[in-house]
Amino acid sequence: MSGGDVMLSLSGVFAGYGGGDVLQGVEFEVYKGGITCIVGPNGAGKSTLLATITGLLKPRLGEVHLNGESIGGLSPRAVLSRGVVLVPQNHSLFPDMTVYENVELGAYTLKDRQLARERLEKIAEMFPVVRAKGKEKAGSLSGGQQRLVEFARCLMLDPSLVILDEPSMGLDPRTLHDVFATVRAMNQEGRTILLVEQNAKAGLKASSHGVVLENGKVRLRGTGREVLDHPEIAALYLGGSVEAPSGVK
Ligand SMILES: Nc1ncnc2c1ncn2[C@@H]1O[C@H](COP(=O)(O)OP(=O)(O)OP(=O)(O)O)[C@@H](O)[C@H]1O
Ligand SMILES: [Mg+2]
Numbered sequence: 332m333s334g335g336d337v338m339l340s341l342s343g344v345f346a347g348y349g350g351g352d353v354l355q356g357v358e359f360e361v362y363k364g365g366i367t368c369i370v371g372p373n374g375a376g377k378s379t380l381l382a383t384i385t386g387l388l389k390p391r392l393g394e395v396h397l398n399g400e401s402i403g404g405l406s407p408r409a410v411l412s413r414g415v416v417l418v419p420q421n422h423s424l425f426p427d428m429t430v431y432e433n434v435e436l437g438a439y440t441l442k443d444r445q446l447a448r449e450r451l452e453k454i455a456e457m458f459p460v461v462r463a464k465g466k467e468k469a470g471s472l473s474g475g476q477q478r479l480v481e482f483a484r485c486l487m488l489d490p491s492l493v494i495l496d497e498p499s500m501g502l503d504p505r506t507l508h509d510v511f512a513t514v515r516a517m518n519q520e521g522r523t524i525l526l527v528e529q530n531a532k533a534g535l536k537a538s539s540h541g542v543v544l545e546n547g548k549v550r551l552r553g554t555g556r557e558v559l560d561h562p563e564i565a566a567l568y569l570g571g572s573v574e575a576p577s578g579v580k
């Protein structure tokens with residue numbers, strides 16, 4: 332599976348935090364209805380790339396297009412209103428609020444309360460943990476359960492593009508399985524997925540398309556299978572050509 336309608340495209344994107352560019356001319360596409368997986372070593376600029384797509388960082392140069400519209404430099408709120416949500420790399424629930432309250436917060440920009448209630452109902456069906464633990468404090472859940480609640484929360488705005496930064500980080504194999512199953516379920520509902528995965532093999536296997544980012548540049552892109560089978564990628568993940576991340580982690 333390759334080609335198809337492009338939902339998101341980046342061309343010649345340079346961006347950073349003031350101390351020079353982290354992203355150095357990034358180019359790739361995210362296809363509508365697919366799952367695109369970004370892999371690459373620590374410090375390659377993967378989270379920076381997601382921040383640039385979602386409006387948290389402004390590209391210094393280059394173009395970001397969503398459904399043909401230029402969105403580079405729009406505010407995070409404006410990008411969100413176009414149906415793009417990000418589940419960040421670090422846990423982002425409010426630990427002292429209940430699971431239900433956390434999920435409801437996902438709809439904070441939604442004026443229609445009735446619609447928010449309906450969505451919460453539907454989401455609780457898709458995520459049994461939301462119903463089972465709804466009245467418990469989010470901080471009392473396991474890491475994997477919290478991840479699923481974060482997914483649930485991001486669906487409250489009915490996004491067309493769901494961006495996940497290292498969703499499987501720190502999870503045991505069983506929970507990892509649940510997280511990937513949920514990613515597929517969100518995709519089967521018609522949502523396009525862009526994810527960053529540290530677990531390159533599992534991530535690429537679950538994805539229609541793959542992108543390898545190294546030192547702020549796209550080193551390789553193709554179908555998930557092509558990237559997985561590429562000899563250089565095997566070398567990369569056996570430690571062969573991974574360069575030490577620049578900057579302090
Ligand atoms: N808020 C920030 N301010 C300044 N520099 C930053 C900031 N966030 C990241 N960096 C630097 O930008 C570079 C890329 O970081 P980034 O977090 O995008 O990498 P990553 O590929 O997501 O890594 P990881 O796999 O560890 O999550 C690193 O050198 C990092 O130190
Ligand atoms: Mg990161």
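Reading the sequence shown from the start, the letters are residues 332 to 580 in my numbering. Idealized CB from N, CA, C, for every residue including glycine. Remember, predicted model here, so these are calculated numbers, not experimental data.
query: CB contact flag (glutamine 355, glycine 521, <8 Å); result: no
query: Own chain, CB closer than 8 Å to alanine 375, minus 5 neighbours either side, in chain order; result: Leu544, Glu545, Asn546, Gly547, Pro576
query: Inside the stretch 395-475 only - beta strand (DSSP E) runs reaching at least 3 residues; result: 415-418
query: Distance, glycine 541 Cα to leucine 451 Cα; result: 32 Å
query: Three-way DSSP call (helix, strand, coil) for alanine 346 in this model; result: strand
query: First through last residue of the alpha helix (DSSP H) which encompasses glutamine 519; result: 504-519
query: Close-in-space but distant-in-sequence residues of the same chain around proline 308 (CB under 8 Å, 5 per side omitted); result: Because the chain spans 332 through 580 in this model, residue 308 falls outside it and cannot be assessed.
query: Extent of the continuous beta strand (DSSP E) to which arginine 294 belongs; result: Lying outside 332 to 580, the shown extent of the chain, residue 294 is not represented and no answer is given.
query: heavy atom of ligand 1 below 7 Å from glycine 301 C-beta; result: Because residue 301 is not part of the residues shown, which for the chain are 332 to 580, the question remains open.
query: Beta-carbon proximity of glutamate 481 to serine 412, cut-off 8 Å; result: no
query: Three-state secondary structure (DSSP) of serine 491; result: coil
query: Ligand 4 heavy atom lying under 7 Å from the CB of valine 549; result: As presented, the structure is devoid of ligand 4, carrying ligand 1 and ligand 2 as its sole ligands.
query: For valine 549 and valine 357, the rounded distance between their alpha carbons; result: 6 Å
query: Per-residue burial, asparagine 433 [other beta carbons within 10 Å of its own, 16 or more giving buried]; result: buried
query: Reference lysine 536, options Ile369, Lys466, Leu472, Gly364, closest by Cα; result: Ile369
query: Same chain, Cβ closer than 6 Å to glycine 470, neighbours up to 5 away in sequence not counted; result: Pro426
query: N-terminal and C-terminal residue of the alpha helix (DSSP H) that glycine 534 is part of; result: 531-536
query: Leucine 388 (DSSP reduced to helix, strand or coil); result: coil
query: Selected residue, minimal CA-CA separation from leucine 479, among Asp496, Val460, Leu492, Leu488; result: Val460
query: Under 8 Å between C-beta atoms of methionine 457 and leucine 397; result: no
query: Span of the beta strand (DSSP E) around aspartate 336; result: Looking at the DSSP string, aspartate 336 is not in any beta strand (DSSP E), and its letter there is neither H nor E.
query: CA-to-CA distance, isoleucine 564 to phenylalanine 359, given in whole angstroms; result: 18 Å
query: Proline 562, buried or exposed, once every other Cβ within 10 Å from all chains shown has been counted against 16; result: exposed
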